[in-house]
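S.K.: In my numbering, the protein residues as written are 169 to 533.
Supplied in structure tokens, the structure appears directly below.
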Amino acid sequence: MVTVSSQRARSETNVPRQPITPPLVVSALLAALRTALGRVSIVDVTLPRGISAGLDREAIFAYCSEPPATERHFLGRFRQSGGHRELHLPAADRPASSLWTELPDSLDRSRKAVVLAGSLEQADAVLDLIEPGMSLVVRIAAHRRGTLSAALASSLKEHRTIACNAADIDQTFLWFVPDADFSPVCDALDLKPARRKRSRETLAREMSARARPARRSVVPDATLALAVPFETSWHAALAAGVLIHDGGYRSESDGDYSWLWTGPSNHFRVLLTGVLPTAGRLHVSVIKTEDVRNLSGLRVLVNGRHVSHRFEPWSELSGKVVIDLPPPPPTDDTTVLSLVCPHMVPDADGRRLLGLCVDRIEMLS
Numbered sequence: 169m170v171t172v173s174s175q176r177a178r179s180e181t182n183v184p185r186q187p188i189t190p191p192l193v194v195s196a197l198l199a200a201l202r203t204a205l206g207r208v209s210i211v212d213v214t215l216p217r218g219i220s221a222g223l224d225r226e227a228i229f230a231y232c233s234e235p236p237a238t239e240r241h242f243l244g245r246f247r248q249s250g251g252h253r254e255l256h257l258p259a260a261d262r263p264a265s266s267l268w269t270e271l272p273d274s275l276d277r278s279r280k281a282v283v284l285a286g287s288l289e290q291a292d293a294v295l296d297l298i299e300p301g302m303s304l305v306v307r308i309a310a311h312r313r314g315t316l317s318a319a320l321a322s323s324l325k326e327h328r329t330i331a332c333n334a335a336d337i338d339q340t341f342l343w344f345v346p347d348a349d350f351s352p353v354c355d356a357l358d359l360k361p362a363r364r365k366r367s368r369e370t371l372a373r374e375m376s377a378r379a380r381p382a383r384r385s386v387v388p389d390a391t392l393a394l395a396v397p398f399e400t401s402w403h404a405a406l407a408a409g410v411l412i413h414d415g416g417y418r419s420e421s422d423g424d425y426s427w428l429w430t431g432p433s434n435h436f437r438v439l440l441t442g443v444l445p446t447a448g449r450l451h452v453s454v455i456k457t458e459d460v461r462n463l464s465g466l467r468v469l470v471n472g473r474h475v476s477h478r479f480e481p482w483s484e485l486s487g488k489v490v491i492d493l494p495p496p497p498p499t500d501d502t503t504v505l506s507l508v509c510p511h512m513v514p515d516a517d518g519r520r521l522l523g524l525c526v527d528r529i530e531m532l533s
């Protein structure tokens, strides 16, 4: 079976793996954003990694660049938010400067929008998405100074920059804050803006740069030390309501609790976001099935390859599927979990074919 990952591995053998950001660091970053801005809408354009997965229940995920045609066809089967939203891909047959069509309509305009990018290249790819009142957060290597392209510098000329750092992590998040929000953000986070002496010549150069944007290095206006708890292991949970999957049904919910039935196809796929960078373990919580043979005869695949698993029962028709994951290959950024049920069962109304009812997938180190 040819998978997205195997195609990419063949065509991009020398492409380095995306940097891994520990979930605890991303969690601390999101906490800082909420403290400073209140209710936020996160637009995570770091797919297929999806670094905010499992950490923000209402994050909107998107790809920032056009995938190859075969990969696009495969990804077109998937929907996010438990099946309630399209998986946002750049619009086909459009130039790079006009990638986004329906994504802005998905934003909750009552919240402050924050675009989260995994690199400056990803940020460049979503320029059309960034509006003047939005924040942009970009991950860069801590030992490198961020250099903005002329186009990105022009888009962010009315923004100030906060460098967000975490101890012992070789990464920095550059948070580009709209000018109007900068002082309130600094007050909320108890930050002291950097004081710089500017000569007339420096001011003249800055005014000229604003008039004729060019590539420029980022000099932070403030620095934030992220409050990251020290833990040797980590755990992230993807609730049913946030899964990106290719099933035919949408998640259901009762308050904050959600669940999802697989079907009508017996082959159910989940795009695992926030996947472990090293060997780890998955726990798939199955709260119900209509046929016990779906538990005893379940097949599990990762990126099209069969993997061993064990089942820890809670009752005759429920339990936990435990899957030991090997480390991903160097170019394997897309991880697809497949659950294959041998016996699909019609529901009481005969309208749906049901396999497993899943309420969460947990990832553990």
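Heads up, the beta-carbon is just placed ideally off N, CA and C, and yes, glycines get one too.
The model shown is predicted, which means the values in this text are computed figures rather than measured ones.
In terms of residue numbering, what span does the alpha helix (DSSP H) encompassing residue 238 cover?
M.R.: 237 to 243
S.K.: What runs of the beta strand (DSSP E), each 3 residues or longer, lie entirely inside the stretch 254 to 338?
M.R.: 280 to 285, 303 to 309 and 327 to 333
S.K.: In the DSSP assignment, what residue or residues form a beta bridge with residue 469?
M.R.: 474 and 506
S.K.: Pull the bridge partners of residue 456 from the DSSP assignment, please.
M.R.: Paired residues: 525.
S.K.: Run the CB neighbour count on residue 231, radius 10 Å, all protein chains shown included, and call it buried at 16 or more, exposed below.
M.R.: buried
S.K.: Which stretch, first to last residue, makes up the beta strand (DSSP E) that contains residue 353?
M.R.: It is not in any beta strand (DSSP E) - residue 353 instead sits in the alpha helix (DSSP H) that spans 347 to 357.
S.K.: CB-CB under 6 Å to residue 204, same chain, minus the five flanking residues each way: which ones, in chain order?
M.R.: 353, 356 and 357
S.K.: Would you call the CB atoms of residue 527 and residue 405 closer than 7 Å?
M.R.: no
S.K.: Between the alpha carbons of residue 517 and residue 510, how many angstroms are there, rounded?
M.R.: 21 Å
S.K.: Decide if residue 307 is buried, meaning its Cβ has at least 16 other Cβ atoms within 10 Å, or exposed.
M.R.: When all chains shown are included, residue 307 counts as buried.
S.K.: Which residue or residues does DSSP assign as beta-bridge partners of residue 228?
M.R.: 211
S.K.: Cα-Cα, which of 348, 234 and 311 is closest to residue 329?
M.R.: 348
S.K.: Note the first and the last residue of the continuous alpha helix (DSSP H) segment covering residue 201.
M.R.: 191 to 205
S.K.: So residue 394 and residue 196 are supposed to be a Cβ contact under 8 Å. How far apart are they, rounded?
M.R.: Indeed they touch by this definition, with Cβ atoms about 4 Å apart.
S.K.: Residue 479: which of 467, 473, 416 and 188 sits nearest, CA to CA?
M.R.: 467
S.K.: What's the gap between the Cα of residue 199 and the Cα of residue 429?
M.R.: A direct Cα-Cα distance of roughly 32 Å separates residue 199 from residue 429.
S.K.: Pop quiz: residue 361 and residue 389 are said to be a contact at Cβ under 8 Å. What is the actual Cβ separation, rounded to whole angstroms?
M.R.: 5 Å
S.K.: Can you tell me whether residue 224 is buried or exposed, with buried defined as 16 or more other CB within 10 angstroms of its CB?
M.R.: Residue 224 should be labelled buried.
S.K.: Return helix, strand or coil for residue 463, following the three-state DSSP convention.
M.R.: Of the three classes helix, strand and coil, the one that applies to residue 463 here is helix, per DSSP.
S.K.: Closest to residue 229 by C-alpha separation, out of 432, 202, 411 and 317, would be which residue?
M.R.: 411
S.K.: Let's test the definition: count the other Cβ atoms within 10 Å of the Cβ of residue 286 and tell me whether it reaches 16, buried, or not, exposed.
M.R.: buried
S.K.: Judging by CA-CA distance, which residue of 188, 216 and 284 is the nearest neighbour of residue 257?
M.R.: 216
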